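Enquirer: In short: position in the sequence shown from 1, add 20, done, that's this note's numbering.
Backbone N, C-alpha and C fix where the C-beta goes; we use that ideal spot for every residue, glycine too.
Note that this is a predicted model, so its numbers are computed, not measured.
Below you'll find the structure I mean.
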Amino acid sequence: MNDGVNGVALTVFILFFLAVTVMGFLAARWRKAENEHSLDEWGLGGRSFGTWITWFLLGGDLYTAYTFVAVPAAIYAAGAAGFFAVPYTILVYPLIFTFLPRLWSVSHKHGYVTTSDFVRGRFGSKGLSLAVAVTGILATMPYIALQLVGIQAVLDVMGVGGGENTNWFVKDLPLLIAFGVLAAYTYSSGLRAPALIAFVKDTLIYIVIAVAIIYIPIKLGGFDDVFGAASEKYTAAKAGGLVPLEAGQWTYATLALGSALALFMYPHSITATLSSRSREVIRRNTTILPLYSLMLGLLALLGFMAIAAGVKVTNPQLAIPQLFEDMFPDWFAGVAFAAIGIGALVPAAIMSIAAANLFTRNIYKDFIKPDATAAQETKVSKLVSLLVKVGALVFVLTMDKTVAINFQLLGGIWILQTFPALVGGLFTRWFHRWALLAGWAVGMVYGTFAAYGVASPTQKHFGGSAKEIPGIGEIGYIGLTAFVLNVAVTVILTFVLKAANAPDGVDETSPEDYTADAGDPGVEVELPPATAGTSH
């Protein structure tokens, strides 16, 4: 790693950062609403975004700074097993094509802002809604923290903040400034800020990857040399060369499948989805979002290039920023670092908004202040979005970075357990609400304890997300095993509870709600019972 501050790269980085900061504050005036004091406006951008805005917003939401840093870092450190992220993003889009339009339609019809709103309305259960909300908040917190880890990795490579012996305040000051700016424009502009900045973020990322995939291999002697160097390293480390070892193939497959099932359970992905103006916008986006998978495949190749370039770092998360520092002219390294830094701001903003909406609608309003007005909801959500970001910042500044990564993996295990209630509920009312709650609890408990028992070279507990699958004996993704247990418990208990005629709650939705579009006659936003008496 180079000594000192890379002044040219830092200057370019700051210029881009200032530009998106201005955009973030100006976003409050972009498509300004008549009534800004509602979650529909602050938290969902007025449900007004078209195809391209939604595409950039979802892309900025799902393909984060951490993706930019972590996917090639996994390949740099562990070999081809790190490619699991590519097939899982291919699997996810046919899956969401089947259920996201249904979720959009019923949410538009009833004014749902969160997935927990839908679960409460579908199953008539505040307890199940609370479980989904708490899971979403817990799973999102470490995800936000990892965006700050991505910014910190870039700052470290640029030499900002001093050495290990530097005063902690001076060392972390750049990150504190970035956090403060993010918090300010998210509070001011809501979802409109990341929607506007996503255009800059994705454009920069596409430019950087297009240049990197051509320029770096040329400097390294071509792709033959790149793949040759990677193969030599993996073979010497007995990591299976360019193909995962047979012993790791179950892990690879289950991690890809489980991650695909979990991705659109995260609150931030649903928030971006519900911000669109029509059902057709969602359907179009599920067909064009795979373009990001192509980008991700090219991005993953940077891990091989870091090996071929001889990048040596103690923390694999620094491998790609260091590759850019070593291979690019300083000015273009600054552009690449800006792409990563802005790539952290967009998803962090959406994630904090999504977590705040869950707290406001499904904890504060349902259990603390049922008569809260729309303006009070918005005020609480703004404040909670700040608290969520503060929590993520404290997490990053006080804990080892590998802890943040492993807690994010744990978050993936947790959020997958909301799949039966959300996706199952979009297609059938057969599942019993108490059975869904019991299945969720079993999946959460098993997943947490199984992950607690996984050790790594640096951690005694929560050292990974793969463990032996009971009854099969292969090593697989803990989240998928927990999900199977969840579904099994839900199905069995549903039979039992229905046989016992247990009260099943009231379904406030109707079949036609799930296929309605914005332009359909008679389709208007209705308020669920919990929001009765508020002014929107």
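The beta strand (DSSP E) that contains Tyr-497, what's its start and end?
Expert: In the sequence shown, the residue the question calls residue 497 occupies position 477. Tyr-497 -> beta strand (DSSP E) spans 495-497.
Enquirer: Do Phe-284 and Val-112 have their beta-carbon atoms positioned less than 8 Å apart in this structure?
Expert: One-based indexing of the sequence shown puts residue 112 at position 92. One-based indexing of the sequence shown puts residue 284 at position 264. Cβ atoms of Val-112 and Phe-284: closer than 8 Å.
Enquirer: Would you mind giving the Cβ-Cβ distance between Val-408 and Gln-172, rounded to the nearest angstrom? I have them listed as a contact below 8 Å.
Expert: As a working note, residue 408 is residue 388 in the sequence shown. As a working note, residue 172 is residue 152 in the sequence shown. Not confirmed; about 18 Å, so no contact.
Enquirer: Can the beta-carbon of Ala-412 be found closer than 8 Å to that of Leu-168?
Expert: Stepping through the sequence shown from its first residue, residue 412 is reached at position 392. Stepping through the sequence shown from its first residue, residue 168 is reached at position 148. In contact: Ala-412 and Leu-168 (Cβ atoms closer than 8 Å).
Enquirer: From this set, Phe-45, Leu-64, Gly-44 and Asn-26, which residue's C-alpha is nearest Leu-294's C-alpha?
Expert: Translated into the one-based positions of the sequence shown, residue 294 becomes position 274. Of the listed residues, the one whose Cα sits closest to Leu-294 is Leu-64.
Enquirer: For Phe-515, tell me which candidate among His-452, Phe-143, Gln-396 and Phe-503 has the shortest Cα-Cα distance.
Expert: Taking the sequence shown and counting its residues from 1, the one referred to as residue 515 is at position 495. If we check each option's Cα against that of Phe-515, His-452 comes out closest.
Enquirer: Specify the secondary structure class of Lys-480 as computed by DSSP and reduced to three states.
Expert: Against the sequence shown, residue 480 aligns to sequence position 460. It is coil, neither helix nor strand.
Enquirer: Ala-29: which of Ala-358, Arg-142, Ala-85 and Ala-47 sits nearest, CA to CA?
Expert: By 1-based counting over the sequence shown, the position of residue 29 is 9. Ranking Ala-358, Arg-142, Ala-85 and Ala-47 by Cα distance to Ala-29 puts Ala-358 first.
Enquirer: Would the region 146-156 and the region 394-410 be scored as touching if the rule is three or more Cβ pairs under 8 Å?
Expert: Contact between the region 146-156 and the region 394-410 is absent, because fewer than three Cβ pairs lie under 8 Å.
Enquirer: Please say whether Gly-499 and Gly-268 have beta carbons closer to each other than 8 Å?
Expert: Within the sequence shown, numbered from 1, the residue matching residue 268 stands at position 248. Within the sequence shown, numbered from 1, the residue matching residue 499 stands at position 479. Taking 8 Å as the Cβ cut-off, Gly-268 and Gly-499 do not qualify as a contacting pair.
Enquirer: Could you pull out every residue in the same chain whose Cβ sits closer than 7 Å to the Cβ of Gly-24, ignoring the five residues on either side in sequence?
Expert: Within the sequence shown, numbered from 1, the residue matching residue 24 stands at position 4. Only Gly-179 meet the Cβ criterion.
Enquirer: Less than 6 Å between C-beta atoms, sequence neighbours within five positions excluded: which residues of the same chain meet that for Gly-442?
Expert: Position 422 of the sequence shown, counting from 1, holds the residue named residue 442. Inspection of the sequence shows that residue 442 is occupied by Leu rather than by Gly. Here the set comprises Thr-135.
Enquirer: Relative to the C-alpha of Lys-221, which candidate in Thr-118, Ala-282 and Ala-364 has its C-alpha closest?
Expert: As a first step, residue 221 must be located in the sequence shown, where it is residue number 201. Nearest C-alpha to Lys-221: Ala-364.
Enquirer: Take Gly-444 and list the residues in its own chain whose beta-carbon comes closer than 7 Å to its own, dropping the five residues that flank it on each side.
Expert: Position 424 of the sequence shown, counting from 1, holds the residue named residue 444. These residues qualify, in order along the chain: Phe-451.
Enquirer: What separation, rounded to the nearest whole angstrom, lies between the Cα atoms of Thr-109 and Thr-306?
Expert: As a first step, residue 109 must be located in the sequence shown, where it is residue number 89. As a first step, residue 306 must be located in the sequence shown, where it is residue number 286. Their backbone Cα atoms lie some 11 Å apart in a straight line.
Enquirer: Sorted by chain position, which residues of the same chain lie with C-beta nearer than 6 Å to Tyr-384's C-beta, five sequence neighbours on each side aside?
Expert: Counted from its first residue, the sequence shown places residue 384 at position 364. Cβ within range, chain order: Val-400.
Enquirer: Whose C-beta lies closer than 8 Å to the C-beta of Pro-336 among residues of the same chain, with five residues either side of it excluded?
Expert: Numbered from 1 along the sequence shown, position 316 holds the residue referred to as residue 336. The answer, listed in chain order, is Ala-93, Ala-94, Tyr-96 and Ala-97.
Enquirer: Helix, strand or coil for Glu-638 per DSSP?
Expert: In the structure as shown, the chain starts at 21 and stops at 556, and residue 638 therefore has no counterpart that could be examined.
Enquirer: Can you tell me which of the three DSSP states Phe-69 falls into?
Expert: Counting from 1 along the sequence shown, the entry for residue 69 is found at position 49. Three-state DSSP puts Phe-69 in a strand.
Enquirer: Please go through the same chain and pick out, in chain order, the residues whose beta-carbon is closer than 7 Å to the beta-carbon of Leu-240, but skip the five residues on each side of it.
Expert: As a position in the sequence shown, residue 240 is number 220, starting the count at 1. These residues qualify, in order along the chain: Val-246, Met-325, Ala-328 and Ala-329.
Enquirer: Would DSSP call Met-313 helix, strand or coil?
Expert: As a working mapping, residue 313 is identified with position 293 in the sequence shown. For the sequence presented, residue 313 should be read as Ser rather than Met. Helix at Ser-313.
Enquirer: Quick one: what's Ser-296 bridged to in DSSP?
Expert: To locate residue 296, count along the sequence shown from 1; it is residue 276. According to DSSP, which records beta bridges pairwise, Ser-296 is partnered with Phe-69.
Enquirer: Which whole-angstrom value describes the C-beta separation of Gly-214 and Ile-370, a residue pair presumed to lie in contact below a C-beta threshold of 8 Å?
Expert: To locate residue 214, count along the sequence shown from 1; it is residue 194. To locate residue 370, count along the sequence shown from 1; it is residue 350. The displayed chain sequence assigns Pro, not Gly, to residue 214. That pair is a contact at about 5 Å.
Enquirer: Please state whether the Cβ-Cβ distance between Leu-150 and Leu-175 is less than 8 Å.
Expert: To locate residue 150, count along the sequence shown from 1; it is residue 130. To locate residue 175, count along the sequence shown from 1; it is residue 155. Result no, Cβ atoms of Leu-150 and Leu-175 do not sit closer than 8 Å.
Enquirer: Give me the residue from Trp-50, Phe-37 and Thr-510 with the minimum Cα distance to Ile-197.
Expert: Here residue 197 refers to the residue found at position 177 of the sequence shown. Of Trp-50, Phe-37 and Thr-510, the residue nearest in Cα terms is Phe-37.
Enquirer: Can you check which of these residues, Trp-62, Lys-487, Lys-389 and Val-504, is closest to Ala-461 by C-alpha distance?
Expert: On the sequence shown, residue 461 is found 441 positions in, with the first residue counted as 1. Looking at the Cα atoms, Val-504 is the closest of the given residues.
Enquirer: Does DSSP put Gly-553 in a helix, a strand or coil?
Expert: Locating residue 553 in the sequence shown gives position 533, counting from the first residue. With a pLDDT of 37 at Gly-553, under the threshold of 50, the modelled position of this residue cannot be trusted, and the question is left open.
Enquirer: Quick one: residues in its chain with C-beta nearer than 8 Å to the C-beta of Asp-386, no 5 flanking neighbours on either side, listed in chain order?
Expert: Translated into the one-based positions of the sequence shown, residue 386 becomes position 366. Correct list, in chain order: Arg-140, Lys-146, Ser-149, Leu-150 and Ala-550.
Enquirer: Between which two residues does the alpha helix (DSSP H) harbouring Trp-124 extend?
Expert: Along the sequence shown, read from residue 1 onward, the residue named residue 124 stands at position 104. 105-130 is the extent of the alpha helix (DSSP H) around Trp-124.
Enquirer: Beta carbon of Arg-299, beta carbon of Phe-69: below 8 Å?
Expert: The residue labelled residue 299 in the question sits at position 279 within the sequence shown. The residue labelled residue 69 in the question sits at position 49 within the sequence shown. No; because the gap between Cβ atoms is not below 8 Å, this pair is not in contact.
Enquirer: Does the distance from the C-beta atom of Thr-529 to that of Arg-142 stay below 8 Å?
Expert: Looking up residue 529 in the sequence shown gives position 509. Looking up residue 142 in the sequence shown gives position 122. Taking 8 Å as the Cβ cut-off, Thr-529 and Arg-142 qualify as a contacting pair.
Enquirer: Using the C-alpha atoms, what's the distance from Phe-219 back to Val-366?
Expert: As a position in the sequence shown, residue 366 is number 346, starting the count at 1. As a position in the sequence shown, residue 219 is number 199, starting the count at 1. Cα to Cα, Val-366 sits roughly 10 Å from Phe-219.
Enquirer: Should Gly-459 and Asn-506 be called a contact, given that it needs their Cβ atoms to be closer than 8 Å?
Expert: By one-based count along the sequence shown, residue 459 stands at place 439. By one-based count along the sequence shown, residue 506 stands at place 486. Cβ atoms of Gly-459 and Asn-506: closer than 8 Å.
Enquirer: Do you know how far the Cα of Gly-484 is from the Cα of Thr-398?
Expert: As a first step, residue 398 is located in the sequence shown; it is residue number 378 there, counting from the start. As a first step, residue 484 is located in the sequence shown; it is residue number 464 there, counting from the start. So the alpha carbons of these two residues sit roughly 37 Å apart.
Enquirer: Apart from the five residues on each side of it in sequence, which residues of its chain come closer than 8 Å, Cβ to Cβ, to Ile-495?
Expert: Walking along the sequence shown from the start, residue 495 turns up at place 475. Answer for Ile-495: Ala-267, Gly-268, Trp-270, Thr-271, Ala-486, Lys-487, Glu-488 and Ile-489, listed in chain order.
Enquirer: Inspect the beta-carbon positions of Asn-558 and Ala-282 and report whether they are closer than 8 Å.
Expert: Here the chain comprises residues numbered 21 to 556, so residue 558 is not present and cannot be evaluated.
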